[in-house]
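*Asks:*
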Amino acid sequence: MAENYIKSKIIDSEVAQHLGFADAVADIHRKNGASPKYFIQTFGCQQNEADSERLGGMCVAMGYEKTLTPEEADLILVNTCAVREHAEKKALSIIGQYKHIKDRNPALIIGVGGCMVTQEARADKLKKSYPYVSFTFDTGAAYKVPRLVLGALRGEKRSFILSDEWKINEGLPISRESGHMAWLSIMYGCNNFCSYCIVPYVRGRERSRSAEAIIEEAKQLIAGGAKDITLLGQNVNSYNGGDGVDIAELMHRICALDGDFRLRFMTSHPKDASDRLIEAMATEEKIVKHFHLPIQSGSDRILKEMNRKYDTAAYLEKIAKLKVAVPDVSITSDIIVGFPGETEEDFLGTLDIMEKVRYDMVFSFIYSPRNGTPAAKMDCQIPHEVSAERMSRLLALQDKISNERNERFLCRTMRVLAEDVSKNDPNMLTGRGDGVRPIHFAADRSVIGQFVDLKIKSVSTYSFEGEII
Ligand code: 5AD
Ligand code: SF4
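Per numbering that gives the first Met the number 0, numbering through the sequence shown is continuous, rising by one, with the last residue being 468.
1) Glycine 170 and isoleucine 9: beta carbons closer than 9 Å?
2) Just how far apart, CA to CA, sit isoleucine 468 and aspartate 424?
3) Assign tyrosine 187 to one of three DSSP states: helix, strand, or coil.
4) Which full runs of the alpha helix (DSSP H) of 4+ residues lie inside the segment 329-383, going along the chain?
5) Taking proline 382 as the reference, which of Val59, Phe362, Thr342 and His99 has the closest Cα?
6) Give a single yes or no on whether aspartate 50 has its beta carbon closer than 8 Å to a heavy atom of the ligand 5AD.
7) Please confirm whether any heavy atom of the ligand 5AD lies closer than 8 Å to the CB of proline 368.
8) Using the Cβ count rule (16 or more neighbours within 10 Å means buried), how would you classify alanine 222?
9) Just list the beta strand (DSSP E) runs in the segment 200-243, keeping only unbroken ones of 3 residues or longer that don't cross its boundaries, in chain order.
10) If you measure from the CB of phenylalanine 136, is any heavy atom of the ligand 5AD nearer than 8 Å?
11) Once you ignore the five residues that flank glycine 178 on each side, which residues in its own chain have a CB closer than 8 Å to its CB?
12) Just verifying my parser: in three-state terms, what is the DSSP assignment at glutamine 295?
13) Taking only the alpha-carbon atoms, compute the straight-line gap between threonine 135 and phenylalanine 408 and give it to the nearest angstrom.
14) Would you say the beta carbon of cysteine 44 is closer than 8 Å to some non-hydrogen atom of the ligand 5AD?
15) If you pair each beta-carbon of the segment 108-117 with each one of the segment 73-80, do three or more pairs fall below 8 Å?
16) For leucine 54 versus valine 144, is the C-beta distance shorter than 9 Å?
17) What residue range is occupied by the uninterrupted alpha helix (DSSP H) comprising isoleucine 246?
18) Note down the Cα distance separating isoleucine 330 from serine 34, rounded to an integer number of angstroms.
19) Helix, strand or coil: which one does DSSP assign to valine 325?
20) May I ask whether a heavy atom of the ligand SF4 can be found less than 8 Å away from the beta carbon of threonine 266?
21) Can you tell which of Gly434, Phe450 and Leu428 has the C-alpha that lies nearest to the C-alpha of alanine 441?
22) Considering only the alpha carbon of each residue, which of Cys379, Arg404, Asn168 and Ala86 lies closest to valine 361?
23) Would threonine 412 and lysine 376 be called neighbours here (beta carbons separated by less than 9 Å)?
24) Have a look at Glu71, Asp123, Glu87 and Ile94 and flag the residue whose alpha-carbon is nearest the alpha-carbon of arginine 103.
25) Taking 8 Å as the cut-off, is the C-beta of phenylalanine 192 nearer than that to any heavy atom in the ligand SF4?
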């Protein structure tokens, strides 16, 4: 059994039925005396990473063991993203490469799920041009994977599900990547229809899990050693758990649970970021002082075209409140460069708001037209060279601001969760404390998963170095 395999206590009836199919798959493997392996390839955001942990949970329920090598797998699941064209191209290219593995192992089952194949044209393309893919499933149908795998094992017809079902599907088992850091999905979908964004079309309308189910999962996580929990949703500020439980109340209730852990949340829409949420961050010690509040553009005209439902003045007002309530807060943002019709003046507005807010970090993206969204049909699409040139100016400005913001951490002592071995140096560990930058430090691997006290020795643009005290 996988180390971080968690079964839920609250299970919807349809999910229970499909877990029955998982048992049937496990039975087949047991009768064959097989010890099959699964491999999951994930693209995209944290929501997809959390979904993949649920897919992994179902694979374990079906009797598969995890492998990190696709060549060794008997079942490959690809969890795709559709938010920009680049992510779709990467997924199609990887799926193309899996053909060679299937040629060598004809019994291999390949399934593709997630946002890309929730678009009919993409599911069709896989059906027609990738005959070795056994099935696809949309984001609302992931719980049906055991039935799809059972069908593939029995040699049934290939299946391409586009169910348009937008439910919660409470009770899927989860195979977590980490014991000490955890995603906790609190809601799914989005109602905002920003004009550039494909998410509402591929993840359906907003639906919130019950506070009871979330608290139950949080308790399980903490009992299992979780020290860093991130509440996830496309727009967590509109969480509505019924009986007046909003995101602030939910976080108060989680913070009241016993245990030494810290709590994060993402993503927030500025129009819904409430005073109550800011107050929760100011008063609850367990909430990490980091607010991800995507502005997208610093031009009021473009914000209107984006259908963001706030202007720069309202945004700056929220930021001002946040800075007063939580003086050491780290603020981060998403910004799109080259939205249709963006003029040099609009772009200068974006640079201007970056100077005013002084973000700790910015995730910036060149606008990518998405079929079916209003912005894809707008006149004045911006040539790539123009967007790329603006992007390089934006990155240079943000590097300068990041360097200035990072200075405040120099010589500070902070409590850091030792997350993992550093990717760049196997003798170092990496973790996060105050702020959003990873901190590298020398320590024995046995402290991974624990909090350590560090003094920050040096800061650079993208990371810090610390020393255990
Ligand atoms: N092109 C570029 N970036 C996009 N995002 C969403 N849709 C697009 C698109 N069509 C960005 C937004 C969002 C982040 C997750 O991805 O900035 O906040
Ligand atoms: Fe996309 Fe806007 Fe919803 Fe975020 S809030 S997922 S950008 S539509």
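Glycine residues also receive a C-beta, built at the ideal position from the N, C-alpha and C atoms.
Model, not experiment: these values are computed from the prediction.
*Replies:* Taking the geometry as given:
1) Yes, the Cβ-Cβ distance between glycine 170 and isoleucine 9 is below 9 Å.
2) Between isoleucine 468 and aspartate 424, the C-alpha separation is close to 21 Å.
3) Looking at tyrosine 187 - three-state DSSP - the assignment turns out to be strand.
4) Counting whole runs of 4 or more residues, the segment 329-383 contains the alpha helix (DSSP H) stretches 343-356.
5) If we check each option's Cα against that of proline 382, Thr342 comes out closest.
6) Checking every heavy atom of the ligand 5AD against the Cβ of aspartate 50, none is found closer than 8 Å.
7) In this structure, the ligand 5AD has a non-hydrogen atom nearer than 8 Å to the beta-carbon of proline 368.
8) Exposed is the call here.
9) Secondary structure in the segment 200-243: the beta strand (DSSP E) runs of 3 residues or longer, each lying completely within the stretch, are 227-231 in chain order.
10) Outside the cutoff, so no.
11) Glu2, Asn3, Gly223, Gly224, Ala225 and Gly448, listed in sequence order.
12) Residue state, collapsed to three classes: strand.
13) Their Cα atoms are separated by approximately 47 Å.
14) Because some heavy atom of the ligand 5AD lies under 8 Å away, the Cβ of cysteine 44 counts as near it: yes.
15) With three or more CB-CB distances shorter than 8 Å, the segment 108-117 counts as touching the segment 73-80.
16) Yes, the Cβ-Cβ distance between leucine 54 and valine 144 is below 9 Å.
17) Counting along the chain, the alpha helix (DSSP H) containing isoleucine 246 begins and ends at 246-254.
18) Isoleucine 330 and serine 34 have their C-alpha atoms roughly 47 Å apart.
19) Coil.
20) Yes, Cβ of threonine 266 sits closer than 8 Å to a heavy atom of the ligand SF4.
21) Across the set Gly434, Phe450 and Leu428, the C-alpha of Leu428 shows the shortest separation from the C-alpha of alanine 441.
22) Answer by Cα proximity: Arg404.
23) A distance of 9 Å or more separates the beta carbons of threonine 412 and lysine 376.
24) Taking only the C-alpha atoms, the option nearest arginine 103 is Glu71.
25) At least one heavy atom of the ligand SF4 is nearer than 8 Å to the Cβ of phenylalanine 192, so yes.
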